[in-house]
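J.: Using numbering that gives the first Met the number 0, read the sequence shown as starting at 0 and increasing by one per residue.
One structure follows; several queries about it will come next.
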Amino acid sequence: MDNNIIYSPFNLEISEMESLALINIEKDPDKVYKGFEPQSINNKEFGLGLRILGYRNDGYVDVYQEKKLPRDEKDKIEVAGKGLGDFIYLNMEKNRFIIDEHGVDLELIFIDKLERRIVLKIKEHDSKKINPFSLLAPVGVSSVNPVSLPVFFLYGFYFIRQKNTDVNIQIEDKIHNLDKFIRMDGSKMYFARYSKESVICEWNKATNSFIEGMKVENNRCISRNGVEYKLESVKDDYYIKSMKLDGKRGGVNVKFSPSIKDIRYIEDGEKIEGSFIISGDKSVGIIEGMYSLYCKEKLIRIIAIPNRGWIPNEKRIILRFIYFATRIFKMWPKTYKWIANIDIRDNENPKIQSKWERIKYRNR
């Protein structure tokens with residue numbers, strides 16, 4: 000075996016999203032949709048483009064995407080709920096989506112799959128500057144069949160203020176009212192919110208494939224898609240200390256304790272238990288969990304559960320109250336379980352089959 004090669008059973012991906020907004024009309028729904036999520040996508044080749052997720056009443060999610068974005072973007076989309084519904088390419092009549100220190104200025108007009116004209120227009124005129132914060136989006140709450148752990152770190156996050164705000168949510172001839180939220184920072188809020196900087200990450204996407212080896216140099220290596228692994232060496236064996244993928248606000252970092260040995264050198268009967276931490280910018284807090292690993296007859300099983308959930312790093316009393324009262328913000332990662340089965344009988348071509356399950360969390 001080549002001692003300068005290491006095989007990692009983990010993977011990490013970050014999308015090219017710049018910003019997003021969440022527009023809820025659940026209390027005044029359309030016959031098809033109960034909410035929309037405009038997303039600003041920064042494609043390295045084609046530049047900025049817009050995508051709008053339409054959250055359907057039946058639990059599926061439709062996607063409307065500008066034609067200027069490449070069609071292979073469809074393959075990169077993982078949505079919540081029951082999964083992807085219809086995917087429609089289109090040209091938008093209006094496509095303004097701006098977030099600044101005074102709030103949001105959004106005007107999106109498009110024709111939906113039922114040939115209906117949809118208008119999403121929100122403009123804040125408040126001279127008072129917003130007071131944004133960071134959080135882990137609870138996007139994974141409604142996912143029925145997850146294919147990854149969705150780590151959506153939202154920075155510059157805030158709610159849309161009711162006062163001095165023009166709102167027009169219109170589908171055909173019917174105007175829909177935005178859902179309302181509690182008072183924050185002295186202002187009444189809509190339950191419509193936005194994030195100026197979004198780091199959209201998928202950890203350990205389900206796969207059935209061979210694991211590619213990575214060349215080790217100075218106790219580090221880099222995967223094909225740019226994930227940097229930091230390693231430690233013990234008696235000529237390499238152990239994975241952490242994995243990181245660069246992006247806005249430092250990207251996403253996953254640390255393991257203890258470090259995880261190169262899968263090729265795990266011995267029969269060996270059992271390892273430890274913890275992991277997923278982090279981004281300090282302001283967003285961390286996701287913490289445990290992992291276990293067991294090898295029998297060259298077959299390895301790894302299980303990872305974010306059993307401590309999301310631990311916010313927030314001092315504002317109102318936000319701490321919201322996270323306490325709405326416990327799903329912190330608890331939803333605890334319901335995710337990653338199971339990976341790895342065959343190392345061919346040491347130079349290890350194979351992995353992995354999946355995610357939703358589990359019932361019991362507060363112990």
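Each residue gets a CB set at the ideal place from its N, CA and C atoms; glycine is no exception.
Values in this document were obtained by computation on a predicted structure and should not be read as measured data.
Can you tell me where the alpha helix (DSSP H) with ILE338 in it begins and where it stops?
T.: Counting along the chain, ILE338 falls outside any alpha helix (DSSP H), though it belongs to the beta strand (DSSP E) covering 335-342.
J.: Please give me, in chain order, every unbroken run of the alpha helix (DSSP H) with length at least 4 that falls completely inside the stretch 55-124.
T.: None, since the stretch 55-124 contains no complete alpha helix (DSSP H) of that length.
J.: Where do the N-terminal and C-terminal ends of the beta strand (DSSP E) with PHE275 fall, by residue?
T.: Run containing PHE275: 270-278, per the beta strand (DSSP E) assignment.
J.: Considering only their Cβ atoms, is the gap separating ARG192 from ILE159 smaller than 9 Å?
T.: Cβ atoms of ILE159 and ARG192: closer than 9 Å.
J.: When the Cα of VAL103 is compared with those of ILE13, SER18 and GLY279, which residue comes out closest?
T.: VAL103 has its Cα closest to that of SER18, out of ILE13, SER18 and GLY279.
J.: Sort ARG315, GLY308, ASN312 and ASN348 by Cα distance to TYR335 and report the nearest one.
T.: That would be GLY308, whose Cα lies nearest to the Cα of TYR335.
J.: DSSP state of LYS247, grouped into three classes?
T.: DSSP places LYS247 in helix when its eight states are reduced to three.
J.: Taking Cβ to Cβ, would you say ILE351 is nearer than 9 Å to PHE255?
T.: It is not a contact, given that the beta carbons lie outside the stated cut-off.
J.: What residue from LEU318, PHE323 and MET330 has the CA that sits closest to PHE156's CA?
T.: For the residues LEU318, PHE323 and MET330, the minimum Cα distance to PHE156 belongs to LEU318.
J.: Rounded to whole angstroms, what is the Cα-Cα separation between LEU119 and ILE168?
T.: About 5 Å.
J.: So, helix, strand or coil for PRO332, using DSSP?
T.: Reduced to three states, the DSSP call for PRO332 is helix.
J.: Just curious, the alpha helix (DSSP H) that ALA324 is in, first and last residue?
T.: 316-324 is the extent of the alpha helix (DSSP H) around ALA324.
J.: Determine the closest residue to PRO349 out of ARG55, GLU211 and GLU92, with distance taken between C-alpha atoms.
T.: Ranking ARG55, GLU211 and GLU92 by Cα distance to PRO349 puts GLU211 first.
J.: So SER278 and ILE285 are supposed to be a Cβ contact under 8 Å. How far apart are they, rounded?
T.: 5 Å between Cβ atoms; contact.
J.: Are the beta-carbon atoms belonging to GLY34 and GLY53 less than 9 Å from one another?
T.: Yes; because the gap between Cβ atoms is below 9 Å, this pair is in contact.
J.: By DSSP's criteria, TYR264 is part of a beta bridge. Which residues make up the other side?
T.: According to DSSP, TYR264 bridges with nothing at all.
J.: For ASN94, does the count of other Cβ atoms within 10 angstroms reach 16, so buried, or fall short, so exposed?
T.: It is buried - the Cβ of ASN94 has at least 16 other Cβ atoms within 10 Å.
J.: For the candidate residues MET242, ASN90 and ASN10, whose alpha-carbon lies nearest to that of LYS112?
T.: For LYS112, the nearest C-alpha among the options comes from ASN90.
J.: If you draw a straight line from the alpha carbon of GLY58 to that of THR325, how long is it in whole angstroms?
T.: Straight-line Cα distance between these residues: approximately 21 Å.
J.: Would you grab the beta carbon distance between LEU244 and VAL215 for me? Rounded to a whole angstrom, and I think it's under 8 Å.
T.: Actually they do not touch by this definition, with Cβ atoms about 18 Å apart.
J.: Decide if ILE24 is buried, meaning its Cβ has at least 16 other Cβ atoms within 10 Å, or exposed.
T.: With 16 or more Cβ atoms within 10 Å of its Cβ, ILE24 is classed as buried.
J.: Applying the criterion that 16 or more other CB atoms from any shown protein chain within 10 Å of the CB defines a buried residue, is PHE45 buried or exposed?
T.: Per the 10 Å Cβ criterion, exposed.
J.: If you run the structure through DSSP and keep just helix, strand and coil, what is ILE129?
T.: Coil, per DSSP.
J.: If I follow the unbroken beta strand (DSSP E) through THR164, where does it start and stop?
T.: Unbroken beta strand (DSSP E) run through THR164: 164-170.
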